[in-house]
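Input: a single structure, listed below in C-alpha cells.
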Amino acid sequence: MEDSGTIITSASGVPRMHQSIREDMSKLKGLLRESISPHLAPEQRDMRILNLACGRCDEAETLISVGREMKPGGAVEMVGADIRIREIRQAREQHSHLPAKFLIEDATKIDQHKELGDDFNLVFLRHQNFWHGQELWKKIFDQGIAKLRPDGMLVITSYFDHEHKLALDALKALGLEVVSNKRNRASRALSDAPGKSVDRWVAVLRQKK
219 MEDSGTIITS ASGVPRMHQS IREDMSKLKG LLRESISPHL APEQRDMRIL NLACGRCDEA
279 ETLISVGREM KPGGAVEMVG ADIRIREIRQ AREQHSHLPA KFLIEDATKI DQHKELGDDF
339 NLVFLRHQNF WHGQELWKKI FDQGIAKLRP DGMLVITSYF DHEHKLALDA LKALGLEVVS
399 NKRNRASRAL SDAPGKSVDR WVAVLRQKK
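When we follow my numbering, the leftmost residue of the sequence shown carries the number 219, and every step to the right adds one.
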C-alpha cells in the first residue's frame, strides 16, 4: 500500500509524481540497494519482481532501476497486483514505459494465477498494513513466499514501528529469516499520523537455510 501523496495530472491526463514522492523514491532506492545487494544470488542473470498490494505503484520505476543495477545486462521484469481497479489503471497509465504489467488480482489468491510461475527473485510489499488485518496479511505473506525462488527474497516496508515488528514476527512464523532490517532515518513524517513516516522501516527476509 503506497503513501497517499499528491499526484499531479499532466495535460495529457497521465498522472505524474509529486516532488515529495520523488524524494521518497530516492531514499527508498538507496535503502533497497544497500539491503538487497549483499544477499542476491550471483548466478541469476535476470530479475523477476512481484509487487503485491501495489496500488498505483509509485515505486515501480525505483524497483526496476534497482533490479537493473544489480543485474546489469540481464532482463528485469515486474508484475504488480492489487484488487483495486482504479489504482491498477493509474499504474498502467503512469508506468506504460516500463517492463512491467499490472494485474487486477486479489493478493490473497495470487496462487491461482498459475502462469506467473514461482520463480520470482523478489517479492515486494510496500507499506504492508498488518495492523489493520492480521489474518488477511498472513495470507498475503504466505502467497508471496510461495512465489519466490528458493534463493529469493521478500521485502517489506512499514509506516510505524509496532506494525513493522508484528509483520516481521508473522513472516518469521511462516519460515523466513530476517537478513536486513533498516530504519529509514530520513523518512518523511506523515503530518496527520503521529509516529508514522514513509518507508520508515525496510526489511529483507528469505527462507531459512
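Heads up, the beta-carbon is just placed ideally off N, CA and C, and yes, glycines get one too.
| Asked | Found |
| --- | --- |
| Alpha carbon of K327 to alpha carbon of P290, nearest angstrom | 33 angstroms |
| T326 - containing beta strand (DSSP E), residue span | Note, T326: premise wrong, no beta strand (DSSP E); not H, not E. |
| Three-state secondary structure (DSSP) of C268 | What sits at residue 268 in the sequence shown is Leu, not Cys. Residue state, collapsed to three classes: strand. |
| Local conformation of I303 per DSSP, three classes | helix |
| Local Cβ density within 10 Å of G335, reported as buried at 16 or more and exposed below that | exposed |
| Cβ shell of R401 (< 8 angstroms), same chain only, five flanking positions each side left out | R418 and W419 |
| Endpoints, beta strand (DSSP E) assigned at E395 | L394 to R401 |
| Residue nearest to P260 in terms of C-alpha spacing, selected from G292, K357 and E333 | G292 |
| Straight-line gap, D379 to H331 (C-alpha atoms, nearest Å) | 33 angstroms |
| Distance CB(V416)-CB(L372) smaller than 9 angstroms | no |
| C-alpha gap between L408 and G362, whole angstroms | 28 angstroms |
| Cα-Cα separation between G273 and E381, rounded to whole angstroms | 19 angstroms |
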